[in-house]
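Engineer: Numbering (my numbering), first residue to last: 33 to 287. Where a beta carbon is used, it is the ideal one built from N, C-alpha and C, also for glycine. Quantities reported herein were computed from a predicted structural model and do not represent experimental measurements. Pasting in a structure now, in structure tokens, and then I'll have a few things to ask.
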């Protein structure tokens, strides 16, 4: 047993099964069901996911005027023919920008909610980084989700997101995203457990490359839904099936 496990039990209460059970019932299309000609986080990719009977995972960046936009990157360069930070543009300006080599344009979270219209569940990942006003993004997402009747949850690598929603939108299901490699900020065990204690999430979304994992196994045993990402191959699909409750998948991981 991990030295941190007793503290996890003391600090982080198990979620209400009635609130979170649905998370285990779906496979989630990572950034939509994107492929050649259908960009990631585009409305077209999300519609394909709905048609395939998949839940949806999407990313949120904030525009200059604080609208939640369906984009993964901080910069526009990789996804569009425009260079520079997404936050330099208003939501209306971004909605006129097309994805690279595509007729599909950037969209708002509200556009996705209108498209899905409660048909499948939605996981909303709120992007964050050091010295970023994450509370402004949380408010923008909360306001966009207000009144939406479909199943949905928010999640982030930043444990402050889950904590913010617990305080300001307690009915919203909230998760902590965790990775252990050099690309994240939780390489050490104490960092991962500290993030858990701060977040007090309803579920966890763990990097598939770090499974199996004693922390994940202990949370799963206590009733926390365990999602895993990015499942994109037969091997990662097998790992996810063995050690997690639900997959966030793309490409060959959806086969």
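Note down the Cα distance separating residue 147 from residue 256, rounded to an integer number of angstroms.
Structural biologist: It is roughly 29 Å from the alpha-carbon of residue 147 to the alpha-carbon of residue 256.
Engineer: With burial defined as no fewer than 16 other Cβ atoms inside 10 Å of the residue's Cβ, what is the status of residue 150: buried or exposed?
Structural biologist: exposed
Engineer: Can you find the residues in the same chain that come closer than 6 Å, C-beta to C-beta, to residue 115, ignoring five residues on each side of it along the sequence?
Structural biologist: Hits under 6 Å: 109.
Engineer: Mind reading off the beta-carbon distance from residue 157 to residue 72? Whole number of angstroms is fine, and I expect it under 8 Å.
Structural biologist: With a Cβ gap of about 12 Å, residue 157 and residue 72 do not count as contacting.
Engineer: Inspect the beta-carbon positions of residue 40 and residue 259 and report whether they are closer than 9 Å.
Structural biologist: With contacts defined as CB atoms closer than 9 Å, residue 40 and residue 259 fail to qualify as a contacting pair.
Engineer: Less than 8 Å between the CB atoms is what I'm expecting for residue 232 and residue 195, so what's the real figure, rounded?
Structural biologist: 7 Å
Engineer: Let's see if you can read the secondary structure: which residues bound the beta strand (DSSP E) around residue 187?
Structural biologist: 184-188
Engineer: Per DSSP, which residues does residue 60 bridge with? Please list them.
Structural biologist: 87, 280
Engineer: Measure the C-alpha to C-alpha separation of residue 82 and residue 263 and round it to an integer number of angstroms.
Structural biologist: 18 Å
Engineer: Does residue 263 come out as helix, strand or coil in the three-state DSSP assignment?
Structural biologist: strand
Engineer: Please report the distance separating the alpha-carbon of residue 128 from that of residue 154.
Structural biologist: Their backbone Cα atoms lie some 24 Å apart in a straight line.
Engineer: Sort out for me which residues DSSP pairs residue 157 with in a bridge.
Structural biologist: 91, 187
Engineer: Quick check on residue 225: does DSSP put it in helix, strand or coil?
Structural biologist: helix
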